[in-house]
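Structure first, then comments.
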Amino acid sequence: MLERLPEAVRAEHWEPVRAIEAFCRGVIDAIADHVTVVKPQSACFERYGSAGVRALEHTCEHAKAKGLVVILDAKRGDIGVSAQHYAAAAAHLGADAITVNAYLGPSTVEPYLDAKLGVFVLVRTSNPDSDVVQSVPLAAGDATVAGMMAGHVRTLGASRLGRCGLSDVGAVVGATKASDGRALREAMPDQVFLIPGYGAQGGSADDVRAMLRAGTTSAGSSGVVVTASRSVLYPAAAGAGDWQAGVAGAAAEFAADLRGVLTSA
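Under our numbering, the residue at position 142 of the sequence shown is numbered 576, and the numbers go up by one with no gaps.
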């Protein structure tokens, strides 16, 4: 991660955690006019111990100060008291929502809801080898493991619909799995889809189209949160000169690309 930071940031901050925190603050400042959500990856900070966790907390605080929603990408997967501790930690960091691996069942999710956090459950992830598990057909019917998880997510969120008709129990569905997008949207009509995989992983705005909620007329009713990481954080245009301008330009292009999908939905 450090070797990918802009040279100007590394030159000013020789200590790794300080450099990462400065970079994150600079990115947030650059993108705040173009996006509404940020999704910090917890592991990138946790690897640096307590100093890294403090940097994550400061990053979340800065994002919130800029009016952005914070989704903590932690993919937690425990139950009971352990899940309660994870939920309390995420809330303390200032997260609004968190990604969760619900393989252990509904009790994996409930502690986060009790902590007033939104939850995005892993359903159809963007990594290529997810097919090994998520595409496996079940013995009964045509459903796959991912389809079964989608049914559980819909059930968990059915009693938690907000004024907009969307639930605070959402689903992670990768842009690189667009062929499954329409079926998963039919299975989860009231869930917000957190869609990684745009940009560097190969996903495009067109891949998002099948995942839009029926009747979409605006970003607020679309039922999707699309995320881009490397394509915005490390654009080619940021290689020289004002790196923040390069990041801002990449974020603006990303946002315009998605607006095009919404206006043609």
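Just so it is clear, CB atoms sit at the ideal spot from N, CA and C, and this is done for glycine as well.
- Close CB contacts of Asn535 within its chain, under the 6 angstroms cut and outside five residues either way in sequence, are with Lys509, Gly511, Leu556 (chain order).
- Between Phe457 and Leu436, the gap from beta carbon to beta carbon reaches 7 angstroms or more.
- Counting along the chain, Leu618 sits inside the alpha helix (DSSP H) bounded by residues 615-621.
- The Cβ-Cβ distance between Asp624 and Ser656 does not fall below 7 angstroms.
- The residues Arg438, in chain order, have a CB closer than 7 angstroms to that of Tyr668 in the same chain once the five nearest residues on each side in sequence are set aside.
- Segment contact: the segment 566-579 against the segment 590-599, fewer than three CB-CB distances shorter than 8 angstroms; contact not assigned.
- Between Ala605 and Met582, the C-beta spacing is not below 7 angstroms.
- Secondary structure within the segment 471-543: the beta strand (DSSP E) runs of 3 or more consecutive residues, fully enclosed, are 503-510, 531-534 (chain order).
- Looking at the backbone, the Cα of Leu538 and that of Pro545 are separated by about 13 angstroms.
- For Leu646, there is no enclosing alpha helix (DSSP H), as DSSP marks it with neither H nor E.
- Using a Cβ distance threshold of 7 angstroms, Val658 and Phe688 do not count as a contacting pair.
- Between Gly631 and Ser560, the C-beta gap is smaller than 7 angstroms, which places the two residues in contact.
- Secondary-structure assignment with DSSP links Ala679 through no beta bridge to anything.
- Beta-bridge partners assigned by DSSP to Ile462: none are found.
- Counting along the chain, the unbroken beta strand (DSSP E) around Val658 starts and ends at 658-662.
- Between the alpha carbons of Ala517 and Val543 lies a gap of roughly 8 angstroms.
- Residue Ala662 holds the alpha-carbon nearest to the alpha-carbon of Ala690 among Ala662, Gln678, Ala670.
- A residue is called buried once 16 or more other Cβ atoms fall within 10 Å of its Cβ, and Pro571, having fewer, is exposed.
- Looking only at Val553, Val579, Cys494, the smallest Cα-Cα distance to Asp565 is reached by Val579.
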